[in-house]
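Here's the structure, in structure tokens; my notes come after.
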Amino acid sequence: MKRKLLSLGCASAALALLCGCVPLQMADSTLRESNFFESMADAFARKMVEYAENAESVETVELVRRTYTTAETITRVEVEDNNAPIEIRTGTGDKVTVEYGEPEDQSFYTISVRGGTLSVERLERKLGGVRLTGDDTLVITLPEKEYASIEADTDNGSLKVENLSARQMELGSDNGDIETKNVTAQSLSAETDNGTARLTDTTAQYLEAQSDNGEIILERTTADVYDCETDNGSITGTLNGSAEEYSIQVSKKNGSSNLSSRTLAGAKKSIRFQTDNGDIQVEFAG
Numbered sequence: 001m002k003r004k005l006l007s008l009g010c011a012s013a014a015l016a017l018l019c020g021c022v023p024l025q026m027a028d029s030t031l032r033e034s035n036f037f038e039s040m041a042d043a044f045a046r047k048m049v050e051y052a053e054n055a056e057s058v059e060t061v062e063l064v065r066r067t068y069t070t071a072e073t074i075t076r077v078e079v080e081d082n083n084a085p086i087e088i089r090t091g092t093g094d095k096v097t098v099e100y101g102e103p104e105d106q107s108f109y110t111i112s113v114r115g116g117t118l119s120v121e122r123l124e125r126k127l128g129g130v131r132l133t134g135d136d137t138l139v140i141t142l143p144e145k146e147y148a149s150i151e152a153d154t155d156n157g158s159l160k161v162e163n164l165s166a167r168q169m170e171l172g173s174d175n176g177d178i179e180t181k182n183v184t185a186q187s188l189s190a191e192t193d194n195g196t197a198r199l200t201d202t203t204a205q206y207l208e209a210q211s212d213n214g215e216i217i218l219e220r221t222t223a224d225v226y227d228c229e230t231d232n233g234s235i236t237g238t239l240n241g242s243a244e245e246y247s248i249q250v251s252k253k254n255g256s257s258n259l260s261s262r263t264l265a266g267a268k269k270s271i272r273f274q275t276d277n278g279d280i281q282v283e284f285a286g
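Residue numbers for the sequence shown follow the UniProt record's numbering, so the first one is 1 and each next one is one higher.
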């Protein structure tokens, strides 16, 4: 088709010259345009061939599930990942288990216990031309007790913590949702750049939730201090307790709020809710 169009364009230009219908300059411009379109078509065809060849060369690798187990006493947990979903929870046993997925012939994680700290870190692996399939969820199961600290961070994955108690809890994800359920902490921080922070049946003295592009959902949460902020999303949910217990600071630019800012004399509890583009709709369970 390209060749036919090119030939037609050239023939038209030549005919116009013979008939004296168009000036020489206009005919020359037509020929240059024909050459331009021919070059573009050739480049597009080469790219399509290259894409097809690359697609055919992608290798599919099936992940296998592996388990790390230790009976050592753990007081702290530190987790860093880049792509896998993370789940941290308590179990019924007295051992720590870490379940994960990786290729049969490669190691994706380094796992260690030093000074009572369980460290799980994803190794940097270049996987060009490889497509991974299978379950890549990182699951950490801990004995039931209160831990000194739980720190978990992932770049491109969700993060879920449930049935867990810790004095300090820091949860972060660049591009994924964060969820806590039946969690107790003195200080709890949940921060995601592009995802929803959902805290359910969660208790903390200080509760911080932040999202750049996502909702913050508080379901039956209990806290002395709430510090919640989202740039593009709403803050919604139900808080345990009464509104009369809190001094409230509400800030919104584009959205509505069912709460109003107020300073309550002698209040030991406080709420700060801020959103740039979203609503604030929070109720109190009483």
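For each residue, glycine too, the CB sits at the ideal point set by N, CA and C.
Predicted, not measured: the structure shown is a model, and the values here were computed from it.
- The three-state reading of DSSP puts PHE44 in helix, counting H, G and I together.
- Taking a cut-off of 8 Å on C-beta distances, the region 276-285 touches the region 236-255, as three or more cross pairs fall below it.
- An exposed status is given to ALA71, since fewer than 16 other beta-carbon atoms sit within 10 Å of its beta-carbon.
- In the three-state reduction of the DSSP assignment, GLU146 falls in the strand class.
- When DSSP states are grouped into helix, strand and coil, SER251 belongs to the strand group.
- Between the alpha carbons of ARG220 and ARG131 lies a distance of about 41 Å.
- Secondary structure of GLU179 (DSSP, three-state): strand.
- In the DSSP annotation of this structure, the continuous segment of the beta strand (DSSP E) that includes GLU170 starts and ends at 159-173.
- The C-alpha of ALA197 lies about 32 Å from the C-alpha of VAL61.
- DSSP places SER119 inside the beta strand (DSSP E), whose first and last residues are 117-122.
- Note that the C-beta distance between ASN232 and GLY278 is below 8 Å.
- Three or more Cβ pairs closer than 8 Å define a contact, and the region 177-194 falls short of that threshold against the region 111-122.
- Nearest to MET169 by alpha-carbon distance, out of ASN163, PRO103, GLU151 and SER256, is GLU151.
- Ranked by how close their Cα comes to the Cα of LEU118, the residues ASP227, THR73 and LEU218 have THR73 in first place.
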